[in-house]
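Colleague: Going by our numbering, the sequence shown opens with residue 103, and the numbers climb by one from there. C-beta: ideal position from N, C-alpha, C; glycine also.
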Amino acid sequence: MKKRREFIRAIGLTSAGLLLGGRKAVAQSHATPANIRDTRLAARHFGMLYFRFCKIMVETLGEEAAFPLVQKTVFELSLDRTDRIRAKALSQGLEPTLDNFQQVNDLPYAAWKEWMPDMGGVRCPYAEIWLGYYEEYPWFKRFASLYCDVIDTTNIENFSRTTSHRITRNLLWGDSDCDREYFESEKVKQGLFTYGKRS
């Protein structure tokens, strides 16, 4: 147990459940600073995974060939997620509207909403990681904001089947926060999504 504890501390995983050998449940119905940190850590790990995926694609195929494949991957991830949350909304008797999207969305909002400047970093745990790659990998700027645009736009298009979205401010563009606007779309109503089509 001592070696396990030392290993867990050495790699920065210090949640109560891991230190106690997994016997204590960490997840609770309310957000505490510890589980906000854990949720942000998991989100940062996803951000690192996305960067590594993009890096391997760019190194293997070149930036121009990799870009549409990454876009397609993020698009299909969004379809997978929002097919599930749309079904969840409908099973709960909720119409798939913009207002109801927030009630069933699978994003762990505490990682964003409960962030405070004294926690360090920036509000978005993905941006916190991705901004750190910009200097060494300037090509990644394009791929980082691609993720936000494709996932957020497709999420609302596939969930609502009536509404689209555009990002108006983004931490990844150098803005102090992120913001977006939603609008009704005739194309979306016809099943034509901004970043791809359902297969």
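1) Going by DSSP, which residues form a beta bridge with residue 266?
2) Of the choices 264, 298, 295 and 288, whose alpha-carbon is the least far from that of residue 201?
3) Beta carbon of residue 198, beta carbon of residue 191: below 7 angstroms?
4) Which residue or residues does DSSP assign as beta-bridge partners of residue 295?
5) Straight-line CA distance for residue 279 to residue 269?
6) Please report the residue range of the alpha helix (DSSP H) in which residue 173 lies.
7) Tell me which same chain residues have a C-beta within less than 6 angstroms of the C-beta of residue 113, skipping the five on either side of it?
8) Report the residue from 297, 300, 252 and 232 whose alpha carbon sits nearest the alpha carbon of residue 275.
9) I believe residue 177 touches residue 252 by the beta-carbon criterion, under 8 angstroms. Please report the beta-carbon distance rounded to the nearest angstrom.
10) Look at the alpha carbon of residue 183 and the alpha carbon of residue 174, and state the distance between them as a whole number of angstroms.
11) Please tell me whether residue 346 and residue 226 are closer than 7 angstroms, where the distance is taken between their beta carbons.
12) Can you tell me whether DSSP reads residue 271 as helix, strand or coil?
13) From 247, 297 and 260, pick the residue whose C-alpha is nearest to that of residue 281; which is it?
14) Do the CB positions of residue 249 and residue 243 come within less than 7 angstroms of each other?
Modeller: Result, derived from the coordinates:
1) 285
2) In terms of CA proximity to residue 201, 264 leads the group 264, 298, 295 and 288.
3) yes
4) 298
5) 11 angstroms
6) 165-193
7) Only weak support exists for where residue 113 lies, its pLDDT of 47 falling under 50; the coordinates are left without a value.
8) 232
9) 6 angstroms
10) 14 angstroms
11) The requested residue 346 is not part of the displayed model; the chain covers only 103 to 301.
12) strand
13) 247
14) no
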